[in-house]
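In the working numbering, the protein residues as written are 51 to 311.
Right, one structure below, let's go through it.
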Ligand code: HPA
């Protein structure tokens, strides 16, 4: 059973060095995930990889079936998910090609199916710390070990897209404490918590957010910057896999305890 799941974002569609043993198609009570799950092995560690936008990239952020994607990992036996995404940088230290290990979220998405509990059982999970602290620690250690510079904190603001933001929106996001902006981080993170899975967000700054630089934003820039960062990203991920402890000691595994009405 794969213990670790990886969700690949724009520009990360595979991880070389991982021996793919099989592709698993999963159907869920919520519909179909973005793609088959590629089950692989690296140095004896079983992984499941899912490209969030499908392969080839064809599902826009607002059309991703987040519930099916997360449910599929759970069904495979995955306990921890590392979610990789491209983001725009808002605060001055968030310059393109920086890798940030997210620690907070502001959710501005709308109209997305964002819970597994919308009938019969009422559940309010604690989301004070949206990302698993143990998983974050493993990523920090991997960064240190492989000499990859990481921003260890960053507040992610999730927007619906698919359009990019206005200058005024980014100015507002900056004032309310966001460091980076992206379109896919939510509800992925809270859905994983609802299923008591550990979840971490590793984001690559692919561009300055709207109005931060005077340059026009292009998808080409996003993809190109991501491409330039994938070597570092893959190295970081591989190192992280080997550093994740076998047993979970964080609170994620008990997220539903005292959360049900
Ligand atoms: N805004 C929203 N999502 C993004 C951006 C951005 O600037 N860059 C990459 N994903």
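Ideal placement from N, C-alpha and C gives every residue a C-beta, glycine not left out.
- Separation of residue 252 and residue 203 (C-alpha to C-alpha, rounded to the nearest whole angstrom) is 10 Å.
- Looking from the CA of residue 213, the closest CA among 165, 201, 267 and 164 belongs to 267.
- A Cβ-Cβ contact shorter than 7 Å links residue 181 with residue 153.
- In the displayed model, residue 300 falls within coil according to three-state DSSP, outside both helix and strand.
- The C-alpha of residue 120 lies about 30 Å from the C-alpha of residue 260.
- Relative to the non-hydrogen atoms of ligand 1, the Cβ of residue 210 never comes closer than 6 Å to any of them.
- Bounds of any beta strand (DSSP E) do not take in residue 260, whose DSSP letter is neither H nor E.
- With contact defined as three or more Cβ pairs closer than 8 Å, the region 120-129 and the region 215-234 are not in contact.
- Cβ neighbours of residue 216 within its own chain (closer than 7 Å, five residues either side excluded): 260.
- Annotation: residue 180 is outside any alpha helix (DSSP H) and is labelled neither H nor E by DSSP.
- One thing to note: residue 254 has its Cβ no nearer than 7 Å to the Cβ of residue 98.
- In this structure, residue 306 and residue 173 form a Cβ contact; the two beta carbons are roughly 7 Å apart against a cut-off of 8 Å.
- For residue 132, there is no enclosing alpha helix (DSSP H); the residue is found in the beta strand (DSSP E) stretching over 130-139.
- Listed in chain order, the alpha helix (DSSP H) runs fully inside the region 189-253 are 217-225 and 238-244, counting runs of at least 4 residues.
- Around the C-beta of residue 171, fewer than 16 other C-beta atoms lie within 10 Å, and the residue is accordingly described as exposed.
- Taking 8 Å as the upper bound for CB-CB distance, residue 128 and residue 54 are in contact here, some 7 Å apart.
- Non-local C-beta neighbours of residue 82 in its own chain, meaning closer than 7 Å and more than five positions away in sequence, comprise 115 and 118, ordered along the chain.
- Note on geometry: alpha-carbon atoms of residue 293 and residue 274 lie some 29 Å from one another.
- Exclusion of residue 144 from the 6 Å shell around ligand 1 follows from its C-beta lying no nearer than that to any non-hydrogen atom of the ligand.
- Look at residue 93 here: in three-state DSSP terms it is coil, with no helix or strand label.
- The beta carbons of residue 159 and residue 227 sit no closer together than 7 Å.
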